[in-house]
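In what follows, a structure is listed as structure tokens, so that the remarks can point back to it.
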Amino acid sequence: MNVLGPLEVWRDGDRMGLGGVKQRALLAHLALNANAAVSLDQLVEVLWPTTKPRSVVANVRTYVWQVRQLLGERLRTNGTGYVLALTSAELDALRFEELVTAARTSPQALELLQSAEALWRGRPVEDLPDTDAWQPVITRLEEARLAATEQRLALQVARGHGDEVIAEMRALLEVHPYREGIGRQLMVALHRTNRRVEALQVYATLRRRLADELGLEPGPALKEAHLAVLRGEEENAAPVRQPATADVTPMRESPPAPIRQLPPAVADFCGRADEIAGLTAALRRTGEVVVAGVTGAPGVGKSTLAVRVAHEVGDHFPDGQLYVDLGGTAEHPRDPAEVLTELLHALGVTGAGLPSGLASRAALFRSRLAGRRVLVVLDDAASVRQVLPLLPGEAGCAVLFTSRRRLSELPGARQVELPPFAPGEAAELLAGIAGRDRVEAEPDEAAAIAAACGHLPLAIRVAGARLAGRGGWPLRVLRARLVDESTRLRELSSGELAVRASFDLSVRQLPAPEAAAFVRLALLGPHDLPGWVVEALLDRPGSEHLVDGLVDANLLEACGTDSTGQPRYRLHDLLRCHALEQAEALPDRAPTLERALRTWLWLAVTAARRLPVTFGTTIAPVSPMRAPEHLLAEPVAWFEAERRTLCGAVDLAAAAGLDDVAWQLAAACVPFFDLHSHYEDWARTHHRALACVRTTGNTAGEAALLRGIAQVHIYRDEFDDAERGMRAARELYREVGDPRGEGIAVAGVGTICRLRAEYDRAMACYLEALDLLETAGDLHSVAHLRASIGGVHGSLGDQESARVWLTSGRRLAADLGDAHREALVLVRLSALHRTLGEHDAELVSARRAVAILQDLTDERCTAFAQVELAEALISNGCPEAAHDLVLQALETYRRTGNREGEPAALRTLARAAGALDQLLLPYFQPR
95 MNVLGPLEVW
105 RDGDRMGLGG
115 VKQRALLAHL
125 ALNANAAVSL
135 DQLVEVLWPT
145 TKPRSVVANV
155 RTYVWQVRQL
165 LGERLRTNGT
175 GYVLALTSAE
185 LDALRFEELV
195 TAARTSPQAL
205 ELLQSAEALW
215 RGRPVEDLPD
225 TDAWQPVITR
235 LEEARLAATE
245 QRLALQVARG
255 HGDEVIAEMR
265 ALLEVHPYRE
275 GIGRQLMVAL
285 HRTNRRVEAL
295 QVYATLRRRL
305 ADELGLEPGP
315 ALKEAHLAVL
325 RGEEENAAPV
335 RQPATADVTP
345 MRESPPAPIR
355 QLPPAVADFC
365 GRADEIAGLT
375 AALRRTGEVV
385 VAGVTGAPGV
395 GKSTLAVRVA
405 HEVGDHFPDG
415 QLYVDLGGTA
425 EHPRDPAEVL
435 TELLHALGVT
445 GAGLPSGLAS
455 RAALFRSRLA
465 GRRVLVVLDD
475 AASVRQVLPL
485 LPGEAGCAVL
495 FTSRRRLSEL
505 PGARQVELPP
515 FAPGEAAELL
525 AGIAGRDRVE
535 AEPDEAAAIA
545 AACGHLPLAI
555 RVAGARLAGR
565 GGWPLRVLRA
575 RLVDESTRLR
585 ELSSGELAVR
595 ASFDLSVRQL
605 PAPEAAAFVR
615 LALLGPHDLP
625 GWVVEALLDR
635 PGSEHLVDGL
645 VDANLLEACG
655 TDSTGQPRYR
665 LHDLLRCHAL
675 EQAEALPDRA
685 PTLERALRTW
695 LWLAVTAARR
705 LPVTFGTTIA
715 PVSPMRAPEH
725 LLAEPVAWFE
735 AERRTLCGAV
745 DLAAAAGLDD
755 VAWQLAAACV
765 PFFDLHSHYE
775 DWARTHHRAL
785 ACVRTTGNTA
795 GEAALLRGIA
805 QVHIYRDEFD
815 DAERGMRAAR
825 ELYREVGDPR
835 GEGIAVAGVG
845 TICRLRAEYD
855 RAMACYLEAL
865 DLLETAGDLH
875 SVAHLRASIG
885 GVHGSLGDQE
895 SARVWLTSGR
905 RLAADLGDAH
915 REALVLVRLS
925 ALHRTLGEHD
935 AELVSARRAV
945 AILQDLTDER
955 CTAFAQVELA
965 EALISNGCPE
975 AAHDLVLQAL
985 ETYRRTGNRE
995 GEPAALRTLA
1005 RAAGALDQLL
1015 LPYFQPR
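Position in the sequence shown counted from 1, then plus 94, gives you the numbering used here.
Okay, here's the thing in structure tokens:
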């Protein structure tokens, strides 16, 4: 819920309708007094400050009932009144005060204060009529906001960035002319940038204002700053005092909702009493950031123990537990920056709030954990470099990691080297899996099986699972099979060889086709996989059923179904590592991997061609492969299901030197990434493929990838990087003789110029690109360019030329059946109609554009069209509908990190909010 601006309630990513003014006012009063009892009399006074209806109590209770339908158990009865119980994760005002409080003692105070200020969207509940009952709370919040802003400015000046905030401080001093703290920081900033005269003018103006209007002299801090300027001395820019809630009573807050990401502890866990005692004691220590680790050989039970210990100490970390698999056994362990993205998402940071660099993300992660007691479990770490950015910065939090090797370079970490089971523990685990009655009936055979497994938990689990799946077997049957492999028995008792021998034992009992599938599945990396991929690996139709045999043998994990309804499977990391060792000897390893990757490429290309045509996309012609094309009936759902796997496939292709597969697969994913604003995946796959094509000298691939990366830079408002990328792509396209690609790159430069308001340069680029694209015969792109040229004409004030070009672009798009392009042209036409005062046509064009783009599930362009429709609704006297619509668009921009559209959305929101109250009030009377 948000009150720092217009009142909002969000659920599962959707903004909820809040009903009429009375209902919204009741909700606002409860939110402004969150976690405090509000009497029935207070609510009556808020809703009817003058004349009250006869059935006032019944009316209040009706509104309360309506709010409870919206908020559920958060709204509680308290005697004859009510309490709205919210946490800082659920109410922006509480989150603001939490961040400001944390900034008092945190080394990341500046970042915390910036995050706090970013929560404000205007005056608290500005979309509702003022009431005297709210003034104390609103005044306190606004004073806290101003204090936080002062503190943030002081920190920026202290860090030597005063020149960046001088204009902001001048503007603040105009609005708050008696704030000596702002005046002092402005003087310090001006003095440090060699603008002494201006600094002295600030002091003179402020002193005169205080004397003439209030009869006061400046305070000591301001006088000291004045003397420092006069003497040419360096004045201390450190904040005079801590901000915000130091002088105000904070809103009362119920405990934050804890984060619970731990996997469930295994039901048949046994043994490890000493290790559990040592780790739980270490993790319960206070006064420091505790780092503990579990290391040991593959299959020794590190992850199982870590999860068990994490559950044991859960009460010591009331704010929750974070869990992440670092993929240390993968060919490419997970990048810490990617992991931080996942962790920050869990902590509520999304879209534009996510920094781009590793250091910035790590700092924000530490800030989000400051003042909280959270356990972070890092499973399967590859190196110290991977772990260090993921460590909290303050006491109260702890980290528990697992790794195949001891991370001795990790400072201050308590690490437990996990040995194999003792015989009694091994027998207990075997009984828990295979059946206690069977083990007790044949204790000697059970002990022999455990010994053959080297007392390694994973090997015992494999043996126990085989017994559990064969209920008619006496244990001596499995023991006899183990004894027959006498050489393997010696391996089973020799450390690292234990896991390998246990896996050999299971794999060799598989039928030949299943064993072949098992080994080849490991070539595809650590991702979950669809069953059909077995057919591509074996080049054998009708072999998908082999996965069932692998699941039965506990060599393949079933991990649910995807968005297309297809089952997904995953090799356990240790099993995959074992299978990869066997795959080294495959004579057809390289062709097998290439065949699977080209199958994914063909499916991705086919799916991409069924999505709306996006400008600039390069979908390469590829050879058809034998694959389940029926899965592409819903291409968006297919891309959603395969997204992580496709990103991994680009990595695999690049690592294998398959440069054409790598870049074509990365490019084929762009229409989906573009429609759903997956900019992180877009950039990562393109950079990975780019390194490969540069190594092999694939100029065409390099051009396409550079253009794609530049497009991401445009969406992120990084115009200098974008222009460099587009120009480099253009030269490469020219080198290979590709006029279409060259035209796309030139058009990209034109778009950058247009966004910089360099309209003459933009026009020149667009006209040059149009000539190239017409020569290449790319009519979809020609339609796009005609609309872009029309838009620039409009920006230059030539509305008639704009109409001609836009109409031409729309007509061509319609003739091509390109609904996506037609919708984008309609957005521009709507803006043109508004400029010309043609408001009926404006509304028709905008509504049509939104409808088309929503049908195409294009999030980014739908948001763009929604802002335009909101403008049309304002023009046609419907500001309330406009207000709701632009909020949806703004949420999309912020969630996806698309900075390009946010300023326009904010401007439209302000216009809608300004027109809303007076128009709506007469229509919302109590029933």
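For each residue, glycine too, the CB sits at the ideal point set by N, CA and C.
The alpha helix (DSSP H) that contains residue i, what's its start and end?
i: Y860; result: Y853 to A870
i: E936; result: H933 to D949
i: T712; result: Premise fails: T712 is in no alpha helix (DSSP H) and is neither H nor E.
i: Q355; result: Where Q355 is concerned, there is no enclosing alpha helix (DSSP H), given that its DSSP letter is neither H nor E.
i: E688; result: R683 to R703
i: F733; result: P729 to A749
i: V259; result: Element bounds for V259: n/a, residue is neither H nor E.
Could you tell me the alpha carbon to alpha carbon distance between residue i and residue j, rounded to whole angstroms?
i: V744; j: L691; result: 9 Å
i: G699; j: V481; result: Just to set this straight, residue 699 is Val in the shown sequence, not Gly. Each residue's alpha carbon lies about 37 Å from the other.
i: I968; j: A1006; result: 6 Å
i: A332; j: A248; result: With a pLDDT of only 48 at A332, under the threshold of 50, the placement of this residue in the model should not be trusted; the figure read from the coordinates follows. The alpha-carbon atoms of A332 and A248 are separated by roughly 6 Å.
i: I846; j: D775; result: 22 Å
i: R897; j: L879; result: 14 Å
i: E796; j: D815; result: 16 Å
i: K116; j: Y157; result: 8 Å
i: I232; j: L799; result: 51 Å
i: V443; j: L434; result: 10 Å
i: P635; j: E629; result: 6 Å
Name the residue from the options whose alpha carbon lies nearest to the alpha carbon of residue i.
i: R704; options: T686, A721 and A731; result: A731
i: A456; options: T711, E436, L484 and A464; result: L484
i: E236; options: R942, V251 and V219; result: V219
i: R824; options: L452, C547, L561 and E836; result: E836
i: T287; options: A475, I260 and L504; result: I260
i: A371; options: H672, L697 and V403; result: V403
Would DSSP call residue i helix, strand or coil?
i: E651; result: strand
i: W56; result: Residue 56 lies beyond the stretch modelled for the chain, which goes from 95 to 1021, so this question has no answer here.
i: L434; result: helix
i: N153; result: helix
i: R198; result: coil
i: Y987; result: helix
i: D368; result: helix
i: T658; result: coil
i: S450; result: coil
i: A492; result: strand
i: A574; result: helix
i: Y773; result: helix
i: A475; result: strand
i: L441; result: coil
Could you tell me if residue i is buried or exposed, where buried requires 16 or more neighbouring beta carbons within 10 angstroms of its beta carbon?
i: C786; result: buried
i: E511; result: exposed
i: P514; result: buried
i: Q805; result: buried
i: H255; result: exposed
i: N96; result: buried
i: A574; result: exposed
i: P314; result: exposed
i: T299; result: exposed
i: Q415; result: buried
i: M110; result: exposed
i: Q250; result: buried
i: E307; result: exposed
From which residue to which residue does the beta strand (DSSP E) around residue i run?
i: V383; result: Counting along the chain, V383 falls outside any beta strand (DSSP E), and DSSP gives it neither H nor E.
i: T171; result: L169 to N172
i: R664; result: P661 to R664
i: R508; result: R508 to E511
i: V418; result: G414 to D419
i: G175; result: G175 to L178
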